[in-house]
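Enquirer:
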Amino acid sequence: MKSSLRIGLSAAIAFLLSSCRTTEVSTETSLDDVPVPQSWSESSGTYASQDWVATFGSSKLSQLVIEAQENNFGLESAYQNVRAAEAAARISGANRLPSVGAGLRSSDSQSLFSFDPPITVDSESHALSLSTRWEVDIWNRLAEEHLAAKSQYRASENDYQSFQLSLSSQVARAWFNVIESKSQFELADASAKAFDSKLEVLESRYSRGLTDAFDLRLTRAQASSTRASAIARRSQMDTSVRQLETLLGRYPSAELQTSETLPSLPETPNAGLPSELIERRPDVLAQQNRLLAALALEKSASKNWLPSLVLTGSDGTLSNDFSDLLDSDFNVWSIAGDLTIALFQGGRLKGQRDQLKASQLSQLARYKDTVISAFREVETSLRAEKDLLDLEQQTEIASNENQLAEEQAWKLYARGLVDITAALDAERRSFEAQSQLLSIRNQRLQNRISLHIALGGDL
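And the structure:
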């Protein structure tokens, strides 16, 4: 019998036996006890965002997001995890296929017989072999393990997509934080300069006996406090810039500059249906694929007490002369099947099944928790859209009124109709209201980012 024919026969038998499956791979996941509403309790907009980053109207932000996607080290790590998981899936799939190997063995030995006189016998042996081994997947156990590996691979892809989405959101958040911190510093610096100007006037009036020391000291204290606030804002701006540069993969030198102001928000995007969210968010899909992997492993472990069949075949030549290795007259071959079953493992197999069953139930709980958390994030962001808009409108009114009150307070003080404390208090209120307005505008932008991320990015 020729070598190729015998090995082909071995492979054919294994293939036929492996097709005799008693079970089918199942990928069921259940959300029976997780409420999936027909619609959101909070209303949303009408348009579907195809590029959520572009909706903010900043070409610089879009460029920074692209730069981060190309250079961020964390994203590169996530990508390599995907490659490793893909390789692991291929390795798992290879376990279902026959393995074929070739070998060449040569030996030379010498035997000494203690006769009189002694006799020495030299001998040599050469063997050329081709072997195959195939574990027949009768019970579909290897298929379940391969399904688990493929599900883990898909989960790693979802993690990578989730990381990309998260990185884009981090860059957007950091960019708006940089703009706000710059605006806050400019506001504090302008306030400090305004107080320095007022202080010069008061010191001049004090030197002429037109202002008492109490007014002068209060103004000096307020001027120093405002300068301290400007220094703190400058430090915050420096920190914000370095954080953004780190996300971009740059050296954190705080050299990134911006002349932009916080943009106005477009209309709230359409949130779609809650049921669509489960099929769109990459973190939810990652947990779903991990659940599928856990289910497959648990099913595979439930079959570890069933018998296993391994087919082996070998063909080759064996000769004392190396030149005869290719001579068919020295051919040796074998085909064998090994059927084994575990009779006693000291509870190891049952322990494996119990462990994987518990792991599967744990992963199911994590999957459900991720789903319900996704719903919460969307509802919270939609509610905050309305609340923050109302808050901005009221704060803007307060800011405008406080600025007008500040101007009037200093005019009244110059006429001697109010004391210095009223003027300083009006100045402080005006500064705080303008600063709060900047902060709320950034909060609205940050919440809009949260809403886009909660919806799974582009719709």
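Letter 201 of the sequence shown, counting from 1, is numbered 1221 in this note's numbering, and no numbers are missing. In this text, a Cβ means the ideal position worked out from N, Cα and C, and glycines have one as well.
1. Among the residues of its own chain, which have a CB less than 8 Å from the CB of serine 1046, if the five just before and after it don't count?
2. Just grab the DSSP bridge partners of tyrosine 1067 for me.
3. Assuming proline 1118 contacts arginine 1161 under a Cβ cut-off of 8 Å, what Cβ separation, rounded to an integer in Å, is found between them?
4. Terminal residues of the continuous alpha helix (DSSP H) containing tryptophan 1430?
5. Check glycine 1123 in the structure and name its three-state DSSP category.
6. So what does DSSP say about glutamate 1206, is it helix, strand or coil?
7. Taking the C-alpha atoms as reference points, what is the distance between aspartate 1258 and phenylalanine 1205?
8. Taking the continuous alpha helix (DSSP H) assigned at glycine 1077, which residues delimit it?
9. Suppose you measure from the CA of threonine 1288 to the CA of threonine 1066; what does that come to, to the nearest Å?
10. Can you check whether the CB of alanine 1098 is closer than 9 Å to the CB of aspartate 1179?
11. Hey, out of Gly1123, Gln1181, Ser1188, Ser1284, whose CA is closest to glutamate 1087's CA?
12. Pair every Cβ in the region 1383-1399 with every Cβ in the region 1468-1479, then say whether three or more of these pairs are closer than 8 Å.
13. Within a Cβ cutoff of 6 Å, which residues of the same chain sit near alanine 1122, ignoring the five residues on either side of it in sequence?
14. May I ask you to report which of helix, strand or coil DSSP gives threonine 1278?
15. Please state if the CB of glutamine 1454 and the CB of leucine 1207 are separated by a distance shorter than 9 Å.
16. Could you check whether leucine 1408 and alanine 1291 sit closer than 9 Å to each other, using their CB atoms as the reference points?
17. Does DSSP classify aspartate 1053 as helix, strand or coil?
18. Got a sec? Which residues, its chain only, sit under 7 Å from valine 1261 by beta carbon, not counting five neighbours each side?
19. By the three-class DSSP mapping on this structure, what secondary structure does isoleucine 1361 have?
Expert: In brief:
1. Residue confidence for serine 1046 is low, a pLDDT of 41 falling below 50, so the modelled location carries little weight; the figure read from the coordinates is stated next. The residues are Leu1315, Lys1319.
2. Pro1289
3. Arginine 1161 and proline 1118 do not touch by the CB rule: their CB atoms are close to 17 Å apart, not below 8 Å.
4. 1368-1434
5. strand
6. helix
7. 10 Å
8. Note, glycine 1077: premise wrong, no alpha helix (DSSP H); not H, not E.
9. 8 Å
10. yes
11. Ser1188
12. yes
13. Leu1150
14. Threonine 1278 carries a coil assignment under DSSP once its states are collapsed to helix, strand and coil.
15. yes
16. In this structure, alanine 1291 sits away from leucine 1408, with a CB-CB distance that is not shorter than 9 Å.
17. coil
18. Val1198, Ala1274, Leu1276
19. coil
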